[in-house]
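Report on the structure given below.
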Amino acid sequence: MYTKPSGFIGAAMAVQGIRDATVVLHGQNGCRKGLLAGQSLMVRTERRDPEFYGRDMSVPYSNIRPEDYYRGTIQKLERVLDHVSAEEYALRVVMCSPGISLVGDDCRNLSSSKQGSMVLDTDDLPEDCPGGFDSCIRSIVKHLSPSPGKRIPNGVNIIGLSIMHKDWSSYLHELSHLLKDAGFKVICALGAGCTTEQIGQSVNASYNIIVDPMYSPRTAELYESEYGVKTISISRCPVGYDAIEELFQQIGKTTGVIPEHGLSMLRKSKRRGYEGIVASGKSMRGRTFSIIADESTEKPLRAWLEDSFGMVECDDHPDYLFAPGDIARLEEASGGCGKGVDIGFPSSSGSDFLKRPLMGLEGCMYILDALFNDR
Amino acid sequence: MRIAVYGKGGIGKSTVTSNLSYCLSKKGHRVMQIGCDPKCDSTRPLLRGRFQTTVTRYIRDTPPSKRRLEDIVAEGTDGILCVEAGGPRPGTGCAGKGIISMFSTLERMGVDSLGTDFTLYDVLGDVVCGGFSIPMRPEHSDIVLIVTSGEYMSLFAANNIMKGSLQFEKDGGRVAGLILNRRGLDNEDGLVEEFSKATGVPILGRLDRSELFRTSEATGRTLSESYPDSSEARTFMDLANTLCGLSASGIGSPAPLTDMELDSLYSQGRFEGRGTFVEETVERSYSDPLPVMGAPRRIGKGPVAAVLEAGKVTDIPVVIHGTKSCGFTMLNEVSEQRIAHILSDPGAFVAPGDNIVSTDMSAESSVFGGNDRLRETLEGLLEDNVVIIVIATCLPGMIGDDCSKVISDLESKNPGHRILYVDANRVDSGFDAHMEVIRAFSELIDPGVEPEDVYLNVVDDNFISFNKGDNRKHLSSLLSEIGMVLGPGFLNDCSVDDIRNLRRYGMSVLCESSRDNLATKGILESKGIEFMGNSLPRGYSETLEWMRELMSLKGKGSNILERISEEYDGCVSRYSKDLSGRRIDILSWDPRKDAWIADALSDCGCDVIIHTLGASDSRDRRITVHGSMEDLTNSVGPSDAVIDCMSTDIAGTMEKPDTWLSHRASMELIRRVWSFVMSKGEGSWAAWGD
Numbered sequence: 571m572y573t574k575p576s577g578f579i580g581a582a583m584a585v586q587g588i589r590d591a592t593v594v595l596h597g598q599n600g601c602r603k604g605l606l607a608g609q610s611l612m613v614r615t616e617r618r619d620p621e622f623y624g625r626d627m628s629v630p631y632s633n634i635r636p637e638d639y640y641r642g643t644i645q646k647l648e649r650v651l652d653h654v655s656a657e658e659y660a661l662r663v664v665m666c667s668p669g670i671s672l673v674g675d676d677c678r679n680l681s682s683s684k685q686g687s688m689v690l691d692t693d694d695l696p697e698d699c700p701g702g703f704d705s706c707i708r709s710i711v712k713h714l715s716p717s718p719g720k721r722i723p724n725g726v727n728i729i730g731l732s733i734m735h736k737d738w739s740s741y742l743h744e745l746s747h748l749l750k751d752a753g754f755k756v757i758c759a760l761g762a763g764c765t766t767e768q769i770g771q772s773v774n775a776s777y778n779i780i781v782d783p784m785y786s787p788r789t790a791e792l793y794e795s796e797y798g799v800k801t802i803s804i805s806r807c808p809v810g811y812d813a814i815e816e817l818f819q820q821i822g823k824t825t826g827v828i829p830e831h832g833l834s835m836l837r838k839s840k841r842r843g844y845e846g847i848v849a850s851g852k853s854m855r856g857r858t859f860s861i862i863a864d865e866s867t868e869k870p871l872r873a874w875l876e877d878s879f880g881m882v883e884c885d886d887h888p889d890y891l892f893a894p895g896d897i898a899r900l901e902e903a904s905g906g907c908g909k910g911v912d913i914g915f916p917s918s919s920g921s922d923f924l925k926r927p928l929m930g931l932e933g934c935m936y937i938l939d940a941l942f943n944d945r
Numbered sequence: 032m033r034i035a036v037y038g039k040g041g042i043g044k045s046t047v048t049s050n051l052s053y054c055l056s057k058k059g060h061r062v063m064q065i066g067c068d069p070k071c072d073s074t075r076p077l078l079r080g081r082f083q084t085t086v087t088r089y090i091r092d093t094p095p096s097k098r099r100l101e102d103i104v105a106e107g108t109d110g111i112l113c114v115e116a117g118g119p120r121p122g123t124g125c126a127g128k129g130i131i132s133m134f135s136t137l138e139r140m141g142v143d144s145l146g147t148d149f150t151l152y153d154v155l156g157d158v159v160c161g162g163f164s165i166p167m168r169p170e171h172s173d174i175v176l177i178v179t180s181g182e183y184m185s186l187f188a189a190n191n192i193m194k195g196s197l198q199f200e201k202d203g204g205r206v207a208g209l210i211l212n213r214r215g216l217d218n219e220d221g222l223v224e225e226f227s228k229a230t231g232v233p234i235l236g237r238l239d240r241s242e243l244f245r246t247s248e249a250t251g252r253t254l255s256e257s258y259p260d261s262s263e264a265r266t267f268m269d270l271a272n273t274l275c276g277l278s279a280s281g282i283g284s285p286a287p288l289t290d291m292e293l294d295s296l297y298s299q300g301r302f303e304g305r306g307t308f309v310e311e312t313v314e315r316s317y318s319d320p321l322p323v324m325g326a327p328r329r330i331g332k333g334p335v336a337a338v339l340e341a342g343k344v345t346d347i348p349v350v351i352h353g354t355k356s357c358g359f360t361m362l363n364e365v366s367e368q369r370i371a372h373i374l375s376d377p378g379a380f381v382a383p384g385d386n387i388v389s390t391d392m393s394a395e396s397s398v399f400g401g402n403d404r405l406r407e408t409l410e411g412l413l414e415d416n417v418v419i420i421v422i423a424t425c426l427p428g429m430i431g432d433d434c435s436k437v438i439s440d441l442e443s444k445n446p447g448h449r450i451l452y453v454d455a456n457r458v459d460s461g462f463d464a465h466m467e468v469i470r471a472f473s474e475l476i477d478p479g480v481e482p483e484d485v486y487l488n489v490v491d492d493n494f495i496s497f498n499k500g501d502n503r504k505h506l507s508s509l510l511s512e513i514g515m516v517l518g519p520g521f522l523n524d525c526s527v528d529d530i531r532n533l534r535r536y537g538m539s540v541l542c543e544s545s546r547d548n549l550a551t552k553g554i555l556e557s558k559g560i561e562f563m564g565n566s567l568p569r570g571y572s573e574t575l576e577w578m579r580e581l582m583s584l585k586g587k588g589s590n591i592l593e594r595i596s597e598e599y600d601g602c603v604s605r606y607s608k609d610l611s612g613r614r615i616d617i618l619s620w621d622p623r624k625d626a627w628i629a630d631a632l633s634d635c636g637c638d639v640i641i642h643t644l645g646a647s648d649s650r651d652r653r654i655t656v657h658g659s660m661e662d663l664t665n666s667v668g669p670s671d672a673v674i675d676c677m678s679t680d681i682a683g684t685m686e687k688p689d690t691w692l693s694h695r696a697s698m699e700l701i702r703r704v705w706s707f708v709m710s711k712g713e714g715s716w717a718a719w720g721d
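If you read the protein sequences in the order shown, they are chains D and B.
When the letters of the first sequence are read in order and numbered with my numbering, they come out as residues 571 to 945.
When the letters of the second sequence are read in order and numbered with my numbering, they come out as residues 32 to 721.
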């Protein structure tokens, strides 16, 4: 039984995944702690005022104290909004902690008077993390309300990819490279290292390529209905060769442009995988695994492990546990599994210097490495 | 026009509002009435006495995708649209939050599309918290009407409502008038007229007590509908006509009275001049929080500290009673702590963290209260667990959940089960939260268990201190020299059985004499646990003294002391030829605690200077700085190495060593300083980020 990240966390990570945007937490430091995980997922290095940032640089907060609960909190929100100025960030997204929503201060009215800020209604967020991410990205696009310009025929957006996905930047780099090679122009990766300017241009794209279908349904629907941007989606994340190939084929089928280079890289990656497995002299047949992940990740990973390696799913002391980094590590250390494999957020396992995404071709190598090497 | 009708509870707001709604509708306007009172009976006279589905209940029971406006907007007499906010059961949840939720829900569901000419809010006026002030805000209402009698409490409430309205008057006044609902007091009109004059708020209508109100409402109708020709109905119609002619822009700001002025008006029956109450605009101090009764005392820190402490016990569920985000945040904190343990001791058993359970209070829980979520969570866990600990976070405290009652009910239904409870919202600090948890766990200690002499048990509230580096290994090694072994400790990685049998592990020792550990010692001593006089030794000199005490207490003999001195002297002699004469600066919060570092380097012939902040101290080789951290770092002169025991993040310094226990810590430190001094500098990787 694990407490998964909430919609609140998902929404905050969506904002923190936009380079020139920031969450402004209207609340107490205790509520901010869960949001600080974003600092290691997309580094913000500027030195900032401890009054509004504490010892962490990623999320400013209004530092609510006991007396504010009866005196009102709006003055403190105004202070932090003035400090985290519009010159510094193009977008400041105010998120109220659950306690603050009891006070009933009129944050929306204050925010509307401050250029470049919006209030995200945290009461209305879905409870699950992917839903929170999706809902927040949609709200941001609606708030920015970009004016559609001329359609870019080969323009694509990447949606449903968040900074919470394992080594998101490596996968974004890989996918962008393969798409570019097929003649597409990646305009914006919403919530994954993009800027507000790129979000503004994203409405002119021809297609939205969905990476994780749980993180993007409402956003995709908004782009289709409001801006006529078509959706390219498979029902799962591109984890394992089969799902990756399916995504490439879906892109070809929808756009009429076959990503030949991508398919060629896929073949090469398979060959490398094959040679590595042969060299290891190991067989995974009958080895057990368990996965703790969103369904969109769990489904393709399970299928790949079962179909390609003859592995067997088992919840009781599996040989391999694929789970968020911290869980994987703790389960391994406590003897709950043979080997814990870090497949994402939350993970405090350090920095990815080597490429270690879960999705895409590099992701296949990461999984193979975890399976066939002892460490 | 949107009209918020306020007034003291029981003063007749619902009666006035529903009659006004009826009259405005009869004049041909499309009208909506929204009851903002948890009693949810505002619209009954418009619905033939029917109760309707309240918005708060609806949002609790219906997922967002299935919500439809027509489910909560009922059509009443003459096509008047009726909405009731509702609220939690008395004594639970937060009614103000219910109002906030109602407004945001109605807005999202498109209530504006109903196209009304008049919207009337019927609002309880005794409660003046943020939630109940929402209807008077400019985005929701154009004017405010206040129903009052000549009674003191009624005028007091009216005056308070005016004070509240000043918060939202940037664009002009909003309190359009008073409606006097007479109670038959002597000189009642005169008193309210004086109040009206003093505050500058006119009396728009006057009503008498009448049996017709009761008889009409008994049939589920308004008086205006049942007795349209009565003088009372004519008064309401006149009032409706007045409202139709009102313009929000022509309303002046009220001048509410100070409490003393109101008192004087009431006792003397008259008042000269205008009210002088002025909204406080003094710039607030952000550095000195005021102690406030009723508000959460130490937001965040108490609950996090309590969960970190309770999470050290590995085999019982730690139930976080709070929101899902709160639960996730705390699980992360516990995971980080446990991962730090893995890093420090890769071979050690570490609990996986799946015993941290959240009640996942939702937005609805903050309206209706979280008792049910807590009960459901505990009932599920009691099937497989005999002991559980519950930590209440800020939110249940703020909305008044009675967790103790839920827990005692469940304990009496499940004999033999223990549910420990810590209300972390009510503690003053992280320290108090720690102690509350330890106190709760200490109740489990079995007083009948006999001690065994072979063990030494380490009591360590700051688990990092003992478990980082090689401290545990070095202590085990020292104990094995005299035939002793380490007990399971307290509290980190303990099981419930370890705690129950704590007396079995004989003598205990404090990891360090910190405030937390000393308080823990006090709690455990009251349960019959014995302690050594000295805490665990830091560095060479303390180790000799500590081992002497232990051997004497246990009646053990060994040549260990000679061997310790021999190993240490060998190390000093080897490295002092490179270190002798070097200047080493140490930044320290607590020079006494870090003295072993200075001692080891002095033994090697180094010139050691300790820099610290705070009180004066005349000891040699110490610089005490009375100023900021910057002043302190500036006090460091040209040196061969700076050892940073303050975690200042100053570039180029040596980090404080993790291992401090025994003479081996001193030896490792000497080797590290030697390698630092002999190395060729920081390197150039920082430039890669340019």
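Virtual Cβ for every residue (Gly too), placed ideally from N, Cα, C.
Counting only runs of 3 or more residues that sit fully inside the segment 789–876 of chain D, the beta strand (DSSP E) segments are 800–802, 858–861, in chain order. Counting C-beta pairs closer than 8 Å gives three or more between the segment 300–309 of chain B and the segment 224–231 of chain B, which meets the contact rule. Residue pairing by DSSP places D/I588 opposite D/C764 in a beta bridge. The beta-carbon of B/A394 is placed less than 7 Å from the nearest beta-carbon of chain D. A direct Cα-Cα distance of roughly 14 Å separates B/A207 from B/N272. D/D676 is positioned such that its CB atom lies closer than 7 Å to that of B/R168.
Proximity of the segment 55–64 of chain B to the segment 90–100 of chain B falls short of the contact definition, fewer than three beta-carbon pairs being nearer than 8 Å.
Around the Cβ of D/K736, a 10 Å sphere holds 16 or more other Cβ atoms; the residue is buried. Residues of the segment 335–365 of chain B with a Cβ closer than 9 Å to any Cβ of chain D, in chain order: V335, T345, P348, I351, G353, T354, K355, S356, C357, G358, F359, T360, M361, L362, N363, E364.
Judged by their CB atoms, B/I615 and B/V639 are nearer to each other than the 7 Å cut-off. Non-local beta-carbon contacts of B/G333 in its own chain, meaning distances under 6 Å to residues more than five positions away in sequence, involve A455, V458, A464 in chain order. For D/G920, not one C-beta of chain B is nearer than 7 Å to its own C-beta. The CB of B/E170 comes closer than 9 Å to the CB of D676, R678, N679 in chain D, given here in chain order. Assignment of beta-bridge partners to D/K755 by DSSP yields D/G725.
Taking C-beta separations shorter than 7 Å and ignoring five residues to either side along the sequence, the partners of D/Y936 in its chain run R926, P927, L928, following chain order.
Contact holds between the segment 744–761 of chain D and the segment 711–726 of chain D, because three or more Cβ pairs, one in each stretch, are under 8 Å apart. Under the 8 Å Cβ criterion, the segment 829–838 of chain D does not count as touching the segment 769–780 of chain D, having fewer than three qualifying pairs. Remark: C-beta atoms of B/I177 and B/G38 approach each other more closely than 7 Å. For the segment 652–671 of chain D, the set of positions with a beta-carbon nearer than 9 Å to some beta-carbon of chain B reads S667, P668, G669, S671 in chain order. With its beta carbon at least 7 Å from every one in chain B, D/L871 lies outside the interface. For the segment 763–797 of chain D, the set of residues with a beta-carbon nearer than 7 Å to any beta-carbon of chain B is empty. Excluding residues up to 5 positions away in sequence, H596, G597, I634, T643 lie with their Cβ nearer than 7 Å to the Cβ of D/I670 in the same chain.
What D/G701 touches in chain B, judged by beta-carbon distance under 9 Å, is nothing: the nearest beta carbon there is about 11 Å away.
Taken through DSSP and simplified to helix, strand or coil, B/F562 comes out as strand.
Taking 8 Å as the upper bound for CB-CB distance, D/D704 and D/T789 are in contact here, some 6 Å apart. Non-local beta-carbon contacts of D/S632 in its own chain, meaning distances under 6 Å to residues more than five positions away in sequence, involve H596, K646, L647, V650 in chain order. When Cβ pairs closer than 8 Å are counted between the two stretches, the segment 35–51 of chain B is seen not to touch the segment 766–773 of chain D, the count staying below three.
Distance between B/D269 and B/C71, taken at the CA atoms: about 27 Å.
Taken in chain order, the unbroken stretches of beta strand (DSSP E) that lie wholly in the segment 44–105 of chain B and span 3 residues or more are 62–67. Contact of B/R503 with chain D is not assigned, every C-beta pair being separated by 7 Å or more.
With a beta-carbon spacing of about 24 Å, D/D812 and D/A762 fall beyond the 8 Å limit used to define contacts. Residue-level contact check: B/C525 does not touch chain D, since none of the beta carbons of chain D fall below 7 Å from its beta carbon.
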